[in-house]
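Numbering (this note's numbering), first residue to last: 31 to 356.
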């Protein structure tokens, strides 16, 4: 029997936030994005937004108690770095846990791919294809902001695949003067438009990320505004009409690509296999061509970043794509 916990770890805090999952419940969800169970990024049981009667924000023991009350034999936890870090903490408290890496940012250490990344890149690439038309027709600079808090995987892969002229990402702090120079150089070559892809976590040299909301009381900080910041600066420096497009949560939705469907399916099968073998406190991982696993303790607190001197960045530079660093 399989029990689905609703809204992430909230399902182990509230006694009525779970449901039995039958084959009928999951039939047809392969082609869907999102999750039928719901999720949240504000439900860290070790730092919950709502205080207990004694003023504590630690609900972890309550989760452990409910886990045992429900008669569960193991837990499969699906999510990004924060979710997997919580999973590791519960594993240390004796709960048999296996993690599954799911984030479009693709920044989880130990696995080459997380499911969701390929779908996000496909969407962002399609958006860039469409924006080329209007940018070229109106002789504009189009600044496209994509997701990527700590890592620029989406910006890099969609930027190369979508024919961007400049890619700005967290791993390579940019000089806005050099970005402006690239735009004006294109103008001199006869290209009267430019496409600039900006990861939400991109940072200027000597500067900081752009925040919409600070972290507090169990809530994570919210990034946003870097695309508008870059566009405003570029328009001032180049005099060219500049527009910003923020792809935002559109990158998280829609029908998954065939690659992501296959990867998620293989991850799920391996997660169950690990639990059945008694191999706990581990995360399933894609090590092409095989699916394996790594200890959760090896991935917690780390981010898989784009190598600034790696093959894909070198390829992009060979194509003439700028990164605002030279």
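Where is the CB? At the ideal position from N, CA and C, for every residue including glycine.
DSSP places residue 93 in the helix class (H, G or I) of the three-state scheme. If one requires a minimum length of 4 residues, the alpha helix (DSSP H) runs lying completely within the stretch 141-198 are 147-168, 183-191, in chain order. Bridge pairing for residue 35: 48 [DSSP].
Taken in chain order, the whole alpha helix (DSSP H) runs of length 4 or more contained in the stretch 60-104 are 90-99. Contact between residue 33 and residue 102 holds, since their C-beta atoms are separated by about 7 Å, short of 8 Å. If you check the CB distance, residue 321 and residue 300 come in under 7 Å.
With contacts defined by Cβ atoms closer than 7 Å, residue 185 and residue 227 form a contacting pair. Scanning 35, 202, 278 for the CA closest to the CA of residue 47 turns up 35. Within 10 angstroms of the beta-carbon of residue 172 lie 16 or more other beta-carbons, which makes it buried. Excluding five sequence positions before and after residue 150, the CB atoms of its chain that fall closer than 6 Å to its own CB belong to 134, 184, 281, given in chain order.
With a 10 Å radius around the Cβ and a threshold of 16 neighbouring Cβ atoms, residue 80 comes out exposed.
Annotation: the continuous beta strand (DSSP E) that includes residue 127 extends over 127-131.
Membership of residue 53 in the alpha helix (DSSP H) is indicated by the continuous run 53-56.
In this structure the stretch 212-225 touches the stretch 267-280; the number of beta carbon pairs closer than 8 Å is three or more.
Distances from the CA of residue 312 to each of 176, 141, 218, 37 were compared; the closest alpha carbon is that of 141.
At least 7 Å separates the beta-carbon of residue 233 from that of residue 257.
Its chain contains 118, 311 as the residues whose beta carbon lies nearer than 8 Å to that of residue 327, once the 5 sequence neighbours on both sides are disregarded; these appear in chain order.
In the DSSP annotation of this structure, the continuous segment of the beta strand (DSSP E) that includes residue 321 starts and ends at 320-325. As computed with DSSP, residue 224 is found in a beta bridge with 171.
From the listed residues 204, 261, 64, 332, the smallest Cα separation to residue 352 is found for 204.
Taking every protein chain shown into account, the CB of residue 274 has 16 or more other CB atoms within 10 angstroms, so this residue is buried.
If you ignore the 5 residues before and after residue 126, its C-beta comes within less than 6 Å of the C-beta of 104, 310, all in its own chain and listed in chain order.
Per DSSP, residue 312 is one residue of the beta strand (DSSP E) stretching across 312-317.
Under DSSP, the beta-bridge partners assigned to residue 273 are 172. In the three-state reduction of the DSSP assignment, residue 342 falls in the helix class, which pools H, G and I.
Counting C-beta atoms within 10 angstroms of its own C-beta, residue 175 has 16 or more neighbours from the protein chains shown and is therefore classed as buried.
Rounded to whole angstroms, the gap between the alpha carbons of residue 161 and residue 289 is 25 Å. If the five residues before and after residue 260 are omitted, its C-beta is found closer than 6 Å to the C-beta atoms of 173, 228, all from its own chain and listed in chain order. In this chain, residue 285 is not harboured by any alpha helix (DSSP H), its DSSP state being neither H nor E.
Excluding sequence positions up to five before and after residue 196, its CB lies within less than 6 Å of the CB of 209, 212, 226, 352, all in the same chain and listed in chain order. As the crow flies, the alpha-carbon of residue 92 is around 23 Å from that of residue 31. When the Cα atoms are used, residue 43 and residue 83 turn out to be separated by approximately 15 Å. Per the coordinates, the alpha-carbon of residue 53 lies some 15 Å from the alpha-carbon of residue 298. Residue nearest to residue 66 within the set 56, 72, 75 is 56 (criterion: CA-CA distance).
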